[in-house]
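First residue of the sequence shown: 405, per my numbering; consecutive thereafter.
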Amino acid sequence: MNNILPYQYIGIKRQSMRLMKAYQTMNDPKMIETYQSLIQESVEQIFTEPLPEVEAFLNVMMDRTMTRHQLDKQLELLKIYVEPFKVPSNQQLDKLFKKVKKLKYQNWADYELTESTYIGWNDPGQQKKFIIFYHEGELRGLYGDLSPSVNKGVCPICKNDSKVSMFLATTKIAGDGTYTKNGNYICHDSRSCNKQLDDLTGLYEFLAATKTVL
Numbered sequence: 405m406n407n408i409l410p411y412q413y414i415g416i417k418r419q420s421m422r423l424m425k426a427y428q429t430m431n432d433p434k435m436i437e438t439y440q441s442l443i444q445e446s447v448e449q450i451f452t453e454p455l456p457e458v459e460a461f462l463n464v465m466m467d468r469t470m471t472r473h474q475l476d477k478q479l480e481l482l483k484i485y486v487e488p489f490k491v492p493s494n495q496q497l498d499k500l501f502k503k504v505k506k507l508k509y510q511n512w513a514d515y516e517l518t519e520s521t522y523i524g525w526n527d528p529g530q531q532k533k534f535i536i537f538y539h540e541g542e543l544r545g546l547y548g549d550l551s552p553s554v555n556k557g558v559c560p561i562c563k564n565d566s567k568v569s570m571f572l573a574t575t576k577i578a579g580d581g582t583y584t585k586n587g588n589y590i591c592h593d594s595r596s597c598n599k600q601l602d603d604l605t606g607l608y609e610f611l612a613a614t615k616t617v618l
């Protein structure tokens, strides 16, 4: 049964990497023990209730002699329990972006779906970015202009330092039927964004700002 969502898996992965770094850099057993407790608490707070597969992973992680190779293997085993992003059909994408001409369909094999809370892709020819996601089980999407210029900054979606570009989404103003451009500097590469996305707050704030989720 797939009990873990992609952003939760990313959270576990990032915390386990921090613990691995502590094993490699700390010598004081008491400090390591304290850090283990902090990491365990951080991982457990990701979920509303305990999951046996996560508890089993944490138990293995408490081994101070664990190597990076062993950690990677354990993370791959844990990935079995992750619910991957549900791939939409081309027909669904056409319906979602019905105003877009010559929509580029994606090769889903290029995506790590178990690490994708949302899917975003760039169309350099049109200088557009397309974003799809699920809200309460319903496929939704938005698109807008994406600047080819890449800068260093903090992405509001993943809330991490990243390589960002200006994204201008066309949003509808409720009531009068007019449209406006809503701009944000977000990760230029959405796959990199997903690999840093361990909390949904930023994503939903971004979607609310673009009037995609109300």
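The beta carbon of each residue, even a glycine, is placed where N, CA and C say it ideally should be. All of these numbers come straight from a predicted model, not from anything done at the bench.
Next on the checklist: DSSP three-state label for I408, please.
Outcome noted: strand
Checklist entry - So does the region 593-601 actually touch the region 509-523, counting three or more Cβ pairs closer than 8 angstroms? => result yes
Checklist entry - Can you tell which of D432, T471, K483 and K563 has the C-alpha that lies nearest to the C-alpha of K417? => result K483
Checklist entry - For I436 versus Q419, is the C-beta spacing smaller than 7 angstroms? => result no
Checklist entry - Roughly how many whole angstroms lie between the Cα atoms of V491 and H592? => result 22 angstroms
Checklist entry - Should the region 563-576 be called in touch with the region 538-545, which here means at least 3 C-beta pairs below 8 angstroms? => result no
Item to check | Same chain, Cβ closer than 8 angstroms to Q510, five either side skipped, listed in chain order | outcome: I523 and W525
Checklist entry - Cβ of P456 within 6 angstroms of any heavy atom in the ligand NAD? => result Here there are no bound small molecules, and the ligand NAD is not part of this structure.
Checklist entry - With DSSP run on the structure shown, which of helix, strand or coil describes V554? => result coil
Checklist entry - Using a Cβ-Cβ cut-off of 6 angstroms (strictly less than) and excluding sequence neighbours within five positions of F571, which residues of its own chain qualify? => result K533, G548, L550, N588 and I590
Item to check | Closest by C-alpha distance to A460, when choosing among T438, Q530, H473 and Y485 | outcome: Y485
Item to check | Element boundaries [beta strand (DSSP E), containing H539] | outcome: K532 to H539
Item to check | Burial state of Q496 (16 or more Cβ within 10 Å) | outcome: exposed
Item to check | C-beta atoms of L357 and E487 nearer than 7 angstroms | outcome: Nothing can be reported for residue 357, as the shown portion of the chain is limited to 405 through 618.
Checklist entry - Can F537 and L517 be called in contact, C-beta distance under 7 angstroms? => result no
Item to check | Rounded distance between the beta-carbons of Q412 and L423, thought under 8 angstroms | outcome: Going by Cβ atoms, the distance from L423 to Q412 rounds to 17 angstroms, so no, they are not a contact pair.
Next on the checklist: The alpha helix (DSSP H) that contains D467, what's its start and end?
Outcome noted: Taken as a continuous stretch (DSSP letters only), D467 belongs to no alpha helix (DSSP H), as it is neither H nor E.
Item to check | Beta-bridge partners of I523, as assigned by DSSP | outcome: I536
Item to check | CB of G606 within 7 angstroms of CB of K556, strictly | outcome: no
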